[in-house]
Every structure is written in C-alpha cells, then in structure tokens.
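Using my numbering, read the sequence shown as starting at 1091 and increasing by one per residue.
Here a beta-carbon is modelled for each residue, glycine too, at the ideal position from N, C-alpha and C.
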Amino acid sequence: MTAPRLYIYGDDDLLAGRIIDRFANALASAGGGEPLDRMDVTGALNGAGEQTARLAERLLTPVMFGGGTLAIVRNAGALTRSGEHRDRLLGAIGDLAPGNAVVIVEATRASPKGPGQKRLADAITTAGGSIARAMAPAPAGLGAWIESEARDRGLRLAPGAARALAERLGSRVTDGDVDRRYLSRVASMELDKLALRHAIDGAPITPDDVDALVAQSAPGSIWGFTDAVGDRRTDAAIVALDRLWEGTAEPVVVTVLHRRIVEMLEIGDRLGAGAKLPVAARAMGINSDFRAGKLAEQARRWTSAELAAALAGLLELDALGKGAGATMADGAQRRLAFTLWIRDHVARDGGTTTGRAAAPG
C-alpha cells in the first residue's frame, strides 16, 4: 500500500508533476478507485496562519464519504517561519487522518545534503512516508532525456534530432545560475509539436524538422553574461544579453555589471600594488580560489581607464532606464543602449564615448 506522505525536492517542474500524478493514482487504486480531492497550497508569509489552519482542518478530518484530501503544499518554508504555524503543519503531517494524504514540494537545485526543509522531510519519513528527487536533466544529458521521452511516447527520432532539439533549448548553456525548472516541460511540449509533423506519413522526426519548427530558446545566465563582459568577448556578451533581456529586470543587469567592473578595478589595483592574489581576494570577501583567479585574469584584459569609462557608461544606462533627463526611451531604445555600451566598452577596439549610450535613436 502506498504511504500517504511524500516529500519531493528538485528543480524539474514536469517530473515533480508526474511524481504527484503517480502518487495520486496509486492512492486512488489502494482506496478502491476513488480519486482524492486535490488541495493545492502555495505557502505565503502573510497568509501562513490561515493556510496552516485550513491544511490542519482538512488533513485531520477523517473521510466520511467519497475520497479523501490530497494536499499538495509548495513553498512550505513560508509556513514554517513561525513556531506556531510550523507546529500546526507538522502536527497535521504526523496525525494525518485515514483516507487523506499530503505532498510537500520543494523547488530547489541539486544538493548533496538532500531536502532543504529538514524538519518537514523528517516528519514525512518518521510517519512512514518517502522522499523523491525531481532533478532537471543536466545540459549534457538533455539530448538523452529527449530520446528517452520520445521512446516512451512511441515517437521516432532520426539520428541527430534529439541533439538538435537539445541545442535549440540551450544544452550548450552550462552556467550554474540558469533556471531549468521548466526545461523538460518545454522539451516535452516541443516533442508534441514535432510529432504532428509526421502524424500521417509516420516518418521519423529529423534535425531539419527541429530547425523548421523549434525556436531558439536558450536560457539566460547572469554569470555567463558578466563573464563574457569581463573576458571582453563582445559577440558572446551580446548573445548572452539577448537571452537575459526578456526575463531579467534592467536594474539587475546594471547592478551585476557594476559589481563585476568594480571588482575588476579593485583586484587590479590590489595586485598592482603588490598584493598576492589570495590576500587581495580575502580583503574583498572572495573565498573561492577559482573566482579570484578568474577575476584577476579578466582584470588583466582591461586598463583602469577603460574600466572607469565603462562605469561612467553604466551610470548613463541606469539613468536612461529610470527615465532621468530629457530623453524618454522605450524598451527597444534601452535594449539598443545596452548593445552600444557593449560595443563601446567591451570590444577591445571600441571607443570610449560615454555619452553614446545615453540617447539612442
């Protein structure tokens, strides 16, 4: 018999949803085929009292007629900040009434330590429940995941089709800050679309089909963008900006650029004054040897004057985004201003005209 308590952690939204569906189906089969009534709760700090009270009421109430309640709780950390709310939720998990069930879903990246909400995970396992991982495929493994998914659906892929689709969806982007929660879900939807291509003739899906039907949707990476700027790889920085632009607030882009340039200035000054790299890094609060080495390498690609000019250009970009001054720029103009900043300051043969980005168009 399926234990009525489950804790899921990971960063794959599609896989987490499938685990929940299998769990619900197993509970229904064990209960004679009667499906449980789903209760979806997304924890919120300002509503934690009401939410835990409703959860406790539903989960602690025995089933009289029909199916019980399957509570699916996301962002449970918001429900455990207060001792009172946490105890109420833990009590509902531990004293679950027969016929009811609960799933805690923690959206998190891979961690060797396991679930982040340890008290909740322990409450689940202590009461006989189980833990499940729902991790998104690694960039290098996305092609294999697509092939496996296609086989499960009975779809035929020609050689190279899975790799082409993976690359379209960003398998080459390996930075650690990329949000991959919905990557497999997007891949699944693209397979649905590709399946229609040969629904009548039954021919396999080819790389040409992928090129024709699947748009480039590589995820953006703040780390990849700032590294491209620091390395002075102009074209790579513009491509990375394109990927970030729709999903990242402009002030965030300005802030991370500002931080990287200031760090390059500071570490360059410290090393130029004779400080050893480990000493300079510790003084700046940098504890990673890899990051310190990368920063020092990037700083050597710039002169102090170039970094100062880049900072001045960022101030103009910030003012432009906030609507300061007489020039009011729309989204396309502001996007152009960022590209011009990269062309002016990141390119080694670029100019240092700080006023150029301030008034696009």
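Within a Cβ cutoff of 7 Å, which residues of the same chain sit near residue i, ignoring the five residues on either side of it in sequence?
| i | result |
| --- | --- |
| threonine 1159 | Leu1126, Asp1127, Met1129, Arg1148, Leu1149, Asn1190 |
| alanine 1318 | Ala1326, Ala1327, Ala1330 |
| proline 1152 | Ala1187, Pro1188, Gly1189 |
| arginine 1199 | Asp1101 |
| arginine 1350 | Thr1316, Val1319, Gly1320 |
| proline 1205 | Tyr1097, Tyr1099, Glu1196, Ala1211, Ile1221 |
| tryptophan 1392 | Met1354 |
| alanine 1213 | Leu1180, Ile1183, Gly1184 |
Who are the near neighbours of residue i in its chain, counting only those whose CB is closer than 8 Å to its CB and skipping five residues on each side?
| i | result |
| --- | --- |
| isoleucine 1432 | Val1319, Thr1324, Ala1327, Ile1328, Leu1331 |
| threonine 1216 | Gly1184 |
| alanine 1118 | Glu1124, Pro1125, Leu1126, Gly1157 |
| glycine 1383 | Leu1367 |
| serine 1278 | Leu1104, Glu1239 |
| valine 1344 | Leu1404, Leu1407, Asp1408, Gly1411 |
| asparagine 1377 | Ala1371 |
State buried or exposed for residue i, treating a residue as buried only when at least 16 other CB atoms are found within 10 Å of its CB.
| i | result |
| --- | --- |
| alanine 1154 | Checking the sequence shown, residue 1154 turns out to be methionine, not alanine. Label assigned to methionine 1154: exposed. |
| glutamine 1306 | exposed |
| glutamate 1387 | exposed |
| glycine 1100 | buried |
| alanine 1120 | exposed |
| leucine 1135 | exposed |
| aspartate 1291 | exposed |
| glycine 1282 | For clarity, residue 1282 is aspartate in the given sequence; the question names glycine instead. The residue in question, aspartate 1282, is exposed, as its Cβ has fewer than 16 Cβ neighbours within 10 Å. |
| phenylalanine 1428 | buried |
| valine 1300 | buried |
| alanine 1161 | buried |
| arginine 1390 | exposed |
| valine 1369 | exposed |
| leucine 1286 | exposed |
| glycine 1455 | The structure shown does not extend to residue 1455, since the chain is modelled only from 1091 to 1451, so the question has no answer here. |
Using CA coordinates, which residue listed in the options is at the minimum distance from residue i?
| i | options | result |
| --- | --- | --- |
| arginine 1258 | Ile1351, Leu1245, Leu1273 | Leu1273 |
| tyrosine 1097 | Leu1210, Gly1123, Thr1151 | Leu1210 |
| glycine 1403 | Gly1167, Gly1250, His1348, Leu1361 | His1348 |
| glycine 1233 | Arg1253, Asp1177, Ala1224 | Arg1253 |
| arginine 1095 | Ala1187, His1288, Gly1167 | Ala1187 |
| alanine 1293 | Gly1244, Val1195, Leu1145 | Gly1244 |
| alanine 1248 | Ala1226, Gln1207, Ile1295 | Ile1295 |
| methionine 1354 | Arg1112, Ala1182, Asp1301, Arg1322 | Arg1322 |
| alanine 1251 | Pro1205, Leu1303, Met1225 | Leu1303 |
| glycine 1231 | Arg1241, Ala1222, Ile1214, Ala1256 | Ala1256 |
| leucine 1385 | Val1352, Thr1338, Ala1114 | Val1352 |
| proline 1341 | Ala1228, Leu1430, Gly1411, Thr1142 | Gly1411 |
| glutamine 1141 | Ala1116, Ile1109, Glu1174 | Glu1174 |
| glutamate 1336 | Thr1132, Arg1425, Ala1106, Ser1220 | Arg1425 |
| glycine 1375 | Ile1357, Gly1219, Val1131 | Ile1357 |
| phenylalanine 1113 | Val1192, Arg1360, Ala1365 | Val1192 |
| alanine 1106 | Ala1213, Met1225, Leu1145 | Met1225 |
| serine 1261 | Pro1229, Ala1373, Ala1289 | Pro1229 |
Do residue i and the ligand SAM come close, with the Cβ less than 7 Å from some heavy atom?
| i | result |
| --- | --- |
| asparagine 1115 | Because no ligand of any kind appears in the structure shown, any question about the ligand SAM cannot be addressed here. |
So what's residue i in DSSP terms, helix, strand or just coil?
| i | result |
| --- | --- |
| aspartate 1102 | coil |
| valine 1329 | helix |
| methionine 1129 | strand |
| glutamate 1140 | helix |
| leucine 1259 | coil |
| threonine 1215 | helix |
| leucine 1179 | helix |
| arginine 1223 | strand |
| valine 1063 | Any answer about residue 1063 is impossible in this case: the structure gives the chain only from 1091 up to 1451. |
| threonine 1316 | helix |
| alanine 1161 | strand |
| leucine 1245 | coil |
| leucine 1186 | coil |
| alanine 1365 | coil |
| isoleucine 1452 | Any question about residue 1452 goes unanswered here, given that the chain covers just 1091 to 1451. |
Going along the chain, which residues of its own chain have a beta-carbon closer than 6 Å to the beta-carbon of residue i, five neighbours each way excluded?
| i | result |
| --- | --- |
| isoleucine 1194 | Tyr1097, Val1163, Ala1166, Leu1210 |
| threonine 1170 | Arg1176 |
| alanine 1437 | Thr1324 |
| tryptophan 1043 | Because the chain here runs from 1091 to 1451, residue 1043 falls outside it and cannot be looked at. |
| alanine 1400 | Ile1351, His1435 |
Would you say residue i reaches chain B, if we count a Cβ-Cβ gap shorter than 8 Å as a contact?
| i | result |
| --- | --- |
| arginine 1095 | Judged by its chain identifiers, the structure shown contains no chain B, having just a single protein chain. |
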